[in-house]
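Please read the structure below before turning to the comments.
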Amino acid sequence: MKTLNILSAFILTFCVGFIAFTQDRVLLSKAKVHIGNGKVINQGYVGIQGEEIILVENALTYNLDKSKWDTIIDLKGQELYPGFFAPNSNIGLTEVDAVRATRDFREIGTYNPHVRSLIAFNAESEISTTVKTNGVLYAQVTPQGGVISGSSSIMKLEAWNWEDAAVKTDDGIHLHWPSTTKGGGWWAEPSTRKSNENYSNQLKDLREFFEAALAYSKANDKFDARFEAMREVFTGEKRLYIHANQLRALLDIIDFKRELKINYPVIVGGYDAYKVADQLKDAEIPIIIKGGHTLPENEDDPVDLPYRLPALLQNAGVLYCIQNSGRMETMNTRNIPFLAGTAMAYGLTEEEAISAVTLNTAKILGVDKFTGSIEVGKKATLFVSTGNALDMRTNNLTLGMIHGKFISLTNLQTDLYHKYKEKYEAE
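Take any residue in the sequence shown, note its place counting from 1, add 20, and you have its number in our numbering.
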């Protein structure tokens with residue numbers, strides 16, 4: 021009987037606590053609200069209950085009843101944003117690039133669609149803490165290597181473990197399209213780049229694998245882990261992320277989509293996408309473009325082409341978002357806001373630049389129904405900055421929230437700063 025009473029008391033305490041949590045209503049008051057869909061409210065109210073946003077209104081016209089809110093946070097003079105995304109990222113899969121034991125983003129083999137990145141995700145990564153303090157709150161954690169690397173998953177950057185972090189598991193398969201050229205590189209002369217003579221054969225092998233996977237998806241053959249992972253690509257439940265940059269490859273991808281009836285292809289990279297923007301728009305293929313802090317790929321390209329690419333795609337009506345793949349990409353994930361800021365300086369409006377790292381990304385990854393913007397019914401994943409979050413001089417977070425939970429805004433660097441500041445001020 022004593023045991024039963026203890027158990028009953030525990031259940032009652034849990035239920036009361038749960039009800040109190042779900043009924044807690046928080047109002048973020050009078051910040052400049054960047055919705056994420058191109059709209060902005062100069063002074064807004066954003067109400068949150070549990071995980072969801074329940075109110076988004078203009079503070080100048082809305083008749084607020086303060087008694088309905090448990091907590092009101094005055095943010096006048098500050099700016100409120102949806103949480104930024106880091107698509108095509110290996111954050112959480114690697115900690116120190118120079119230490120092999122901390123790199124867990126690559127598997128042996130050529131065709132590995134059955135490899136899942138999420139089970140290797142490290143929710144305690146020190147790098148994630150530096151990324152969150154710049155407003156990047158979601159990441160598409162992506163494997164690398166081979167022709168087909170495996171499946172990515174969309175993760176929260178503050179969680180207990182990978183199960184808790186997962187927002188959308190196995191959102192898509194990553195395919196590295198054969199390069200149409202070989203040689204060259206940032207360390208070499210552009211003239212050393214040559215046509216890839218094996219491109220046609222590599223493309224033939226790729227088509228044969230996809231045709232076999234398509235046939236498997238229509239039959240009840242003996243179980244094959246690789247083909248089983250591909251099944252949802254053909255049913256439309258998974259995206260197919262195709263990593264490619266060159267013009268010929270992009271045109272071949274358009275044909276590939278049509279011939280194999282791929283429902284949701286997404287191009288990752290897309291350096292030459294502006295040259296075939298109309299064809300990509302008609303084919304409804306979005307682009308996850310590399311951010312502009314890089315050099316032009318070709319000798320005769322305008323020097324500012326990487327900076328202007330977002331505006332070129334915006335003007336052409338192509339759906340795109342911004343990512344930061346490349347050298348030292350894990351630690352540089354913190355620069356996602358500033359890649360959008362550079363794009364703003366080269367042709368995008370401020371709200372278009374914000375969409376390029378929020379709602380556009382959510383649409384491309386297939387999670388826009390519940391996140392990516394500050395709208396009623398969506399998850400409360402957002403942050404507040406004292407100034408423009410796309411400018412490294414004014415990106416200074418004072419509040420952050422993921423799915424309705426306030427998050428820590430400190431990292432190793434801020435901890436060391438306060439530690440030594442206190443020491444030398446005392447002296």
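For glycine and all other residues, C-beta sits at the position ideal for the given N, C-alpha and C. All of these numbers come straight from a predicted model, not from anything done at the bench.
Could you tell me which of the options sits nearest to residue i, measuring between CA atoms?
i, options, result
"V288", "R259, G129, L100 and V151", "R259"
"I273", "N344, A159 and H196", "H196"
"K96", "S375, V53, A382 and A363", "V53"
"D225", "S137, A303, A382 and I168", "I168"
"G386", "F105, N416 and D244", "F105"
"Y219", "A232, A376, E257 and Q266", "Q266"
"I111", "D320, Q299, D275 and E178", "E178"
"K88", "I74, D241, A232 and V296", "I74"
"I55", "N142, V76 and R227", "V76"
"N335", "I356, T369, A400 and P322", "T369"
"S17", "L280, G397 and C341", "Limits of the chain in this structure are 21 at one end and 447 at the other, which puts residue 17 out of reach."
"Y366", "F254, D324 and I384", "D324"
"T201", "D244, S145, R268 and A143", "R268"
"L419", "Y444, L402, M348 and N380", "L402"
"A400", "I427, Q98, N408 and N380", "I427"
"L339", "T381, D320, L436 and A239", "T381"
"V396", "T81, P102, N83 and Q63", "P102"
Residues in the same chain with beta-carbon distance under 6 Å from residue i, minus the five sequence neighbours each way, listed in chain order, please.
i, result
"S199", "N216"
"I61", "V53 and N78"
"E467", "Residue 467 lies beyond the range of the chain shown here (21 to 447); nothing can be said about it."
"A249", "P133 and H134"
"T362", "G312 and Y327"
"D90", "D44 and R45"
"L130", "The amino acid occupying residue 130 in the given sequence is Thr; Leu does not appear at that position. Taken in chain order, the residues that qualify are G166 and V167."
"E252", "K258"
"A29", "Because A29 carries a pLDDT of 39, less than 50, the predicted location of this residue cannot be relied on, and no value is offered for it."
"T23", "Confidence at T23 is low in this model, with a pLDDT of 43, below 50, so the placement of that residue is unreliable and no value is reported for it."
The alpha helix (DSSP H) that contains residue i, what's its start and end?
i, result
"Y440", "L432 to A446"
"Y219", "Y219 to K238"
"F390", "Taken as a continuous stretch (DSSP letters only), F390 belongs to no alpha helix (DSSP H), as it is neither H nor E."
"G361", "I356 to A365"
"T255", "A245 to T255"
"E395", "Element bounds for E395: n/a, residue is neither H nor E."
"E372", "E370 to S375"
Mind checking whether residue i and residue j have CB atoms under 8 Å apart?
i, j, result
"I174", "Q164", "no"
"Y261", "G192", "yes"
"D85", "K50", "no"
"I139", "W182", "yes"
"G18", "T414", "Any question about residue 18 goes unanswered here, given that the chain covers just 21 to 447."
"G424", "I68", "yes"
Ends of the beta strand (DSSP E) at residue i?
i, result
"I262", "R259 to A264"
"I111", "From DSSP, I111 is part of no beta strand (DSSP E); its letter is neither H nor E."
"I55", "Run containing I55: none; DSSP gives neither H nor E here."
"E99", "E99 to P102"
"D191", "A186 to H196"
"S87", "Segment: none, S87 is in no beta strand (DSSP E) and carries neither H nor E."
"I427", "Unbroken run through I427: none, as it is neither H nor E."
"G64", "V60 to Q69"
"E72", "E72 to N78"
"S405", "L402 to S405"
Hey, does residue i have any beta-carbon neighbour from chain B nearer than 8 Å?
i, result
"S109", "No chain B is part of this structure, which consists of one protein chain only."
Only counting the same chain, and skipping five residues up and downstream in sequence, which positions put a Cβ closer than 8 Å to that of residue i?
i, result
"T353", "A106, S109, I111, I147, V151, V156, A159 and N344"
"R278", "A303"
"M364", "E370, E372, A373 and L410"
"L271", "V296 and Q299"
"D184", "A143 and K176"
Can you list, in chain order, the residues of its chain whose CB lies under 7 Å from that of residue i, leaving out five sequence neighbours each side?
i, result
"F230", "L280"
"T42", "Reliability of the predicted coordinates at T42 is poor, the pLDDT of 45 falling under 50, and no value is obtained from them."
Note down, one range per segment and in chain order, each beta strand (DSSP E) of at least 3 residues found wholly within the region 271-342. 285-289 and 307-310
Which runs of the alpha helix (DSSP H) fall wholly inside the region 122-174 and span at least 4 residues, in chain order? 146-152
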